[in-house]
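Structure, as structure tokens:
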Amino acid sequence: VANVIYLDAPTLTGYSYTKTSKAIRSSDTLSASQTIEFIRKVSGSSTYTYRVSSFVDIYVQLLQFVRDHPKFLNNPMYVTGISYSGIVIPIITEEFNNEVLEPTINIKGYIAGNPLTDKTGDIDSRLEYVYRMALISKELFESTRNGCNGEYAEADSNNLLCMSNIHEVNK
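Sequential numbering from -2 applies to the sequence shown in our numbering.
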């Protein structure tokens, strides 16, 4: 038996939304911190409403759920995520492991699916990948590699040949 809680974070990813512009401002570390807070914060309310007006509302609901159903606290917990979450899930997992707050969550580790781990490295590796998958021609691959000097994520926007080739690759 598995228990799963789905959380779209940071705000405006997945199905999440906000009614306040303040909730839009985020960073990787702030998003990780908010997720930890979401799981830790305790609310006095025992009613569950799923109308989300902010990230904190979701957090309060989850913590209240765990408080109302303590049998779930002993279950192993894995922090999981895909894509961009590869940046924040290790931070979240580490924070859980470093916490001394009660109740203790039985954190076991994290699982990352197709994670982004290094923005520049991940993006720069895509050129060779699309070439090896025969999605672009050898000529375009070599022209882009040579014209951009191996830097695609942070390519020189004044280098018109590089920018034109990147545009072609991205088609």
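Ideal Cβ positions, reconstructed from N, Cα and C, are used throughout, including at glycine.
Query: Three-state secondary structure (DSSP) at residue 130?; Result: coil
Query: By how many angstroms is the C-alpha of residue 111 removed from the C-alpha of residue 86?; Result: 13 Å
Query: Give the C-beta separation of residue 120 and residue 145 to the nearest angstrom, bearing in mind that I take them to be a contact with Cβ-Cβ under 8 Å.; Result: So it is not a contact: roughly 11 Å between Cβ atoms.
Query: From residue 80 to residue 66, what does the alpha carbon distance come to, in whole angstroms?; Result: 31 Å
Query: Going along the chain, which residues of its own chain have a beta-carbon closer than 7 Å to the beta-carbon of residue 91, five neighbours each way excluded?; Result: none
Query: For residue 159 and residue 135, what's the separation of their Cα atoms in angstroms?; Result: 15 Å
Query: Which same chain residues, not among the five before or five after residue 89, have their C-beta less than 8 Å away from its C-beta?; Result: 29, 32, 33, 76 and 107
Query: Residue 41 to residue 68, Cα distance in whole Å?; Result: Note that residue 41 has pLDDT 32, beneath the 50 cutoff, so the model's placement of it is unreliable and no number is given.
Query: From what residue to what residue does the alpha helix (DSSP H) around residue 117 run?; Result: 116 to 121
Query: Compute the Euclidean distance between the alpha carbons of residue 51 and residue 139, then round it to the nearest angstrom.; Result: Note on residue 51: pLDDT 39, under 50, position unreliable in the model; the coordinate value appears next. Rounded to the nearest angstrom, the two C-alpha atoms are 47 Å apart.
Query: Would the beta-carbon of residue 94 fall within 8 Å of that of residue 74?; Result: no
Query: Mind checking residue 124: buried by the 16 CB within 10 Å criterion, or exposed?; Result: buried
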